[in-house]
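Visitor: Numbering (my numbering), first residue to last: 24 to 67.
All C-beta atoms in this analysis are idealised placements derived from N, C-alpha and C, irrespective of residue type, glycine included.
#1: Near residue 62, what residues of its chain come up, given a Cβ to Cβ distance below 6 Å and the 5 sequence neighbours on each side ignored?
#2: Mapping DSSP to helix, strand and coil, what is residue 38?
#3: If you draw a straight line from the C-alpha of residue 59 to the C-alpha of residue 26, how long is it?
#4: Helix, strand or coil for residue 61? Go by DSSP, reduced to three states.
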């Protein structure tokens with residue numbers, strides 16, 4: 024009680040997101056319909 028957990032992610036550029044974007048591009052062609060969220064492609 025009386026505690027707060029804070030998670031923070033700071034980035035100085037977009038390049039840190041590129042591995043996830045490239046993975047999504049490679050995997051999304053295997054799906055039909057709308058896919059929302061990278062976790063759906065990665066089975067998380």
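Guide: In short:
#1: By one-based count along the chain shown, residue 62 stands at place 39. Excluding residues within five positions, none has a Cβ falling inside 6 Å.
#2: The residue labelled residue 38 in the question sits at position 15 within the chain shown. Three-state DSSP puts residue 38 in a helix.
#3: Within the chain shown, the letter at position 36 stands for residue 59. Within the chain shown, the letter at position 3 stands for residue 26. Whole-angstrom Cα-Cα distance: 33 Å.
#4: Counting from 1 along the chain shown, the entry for residue 61 is found at position 38. Helix at residue 61.
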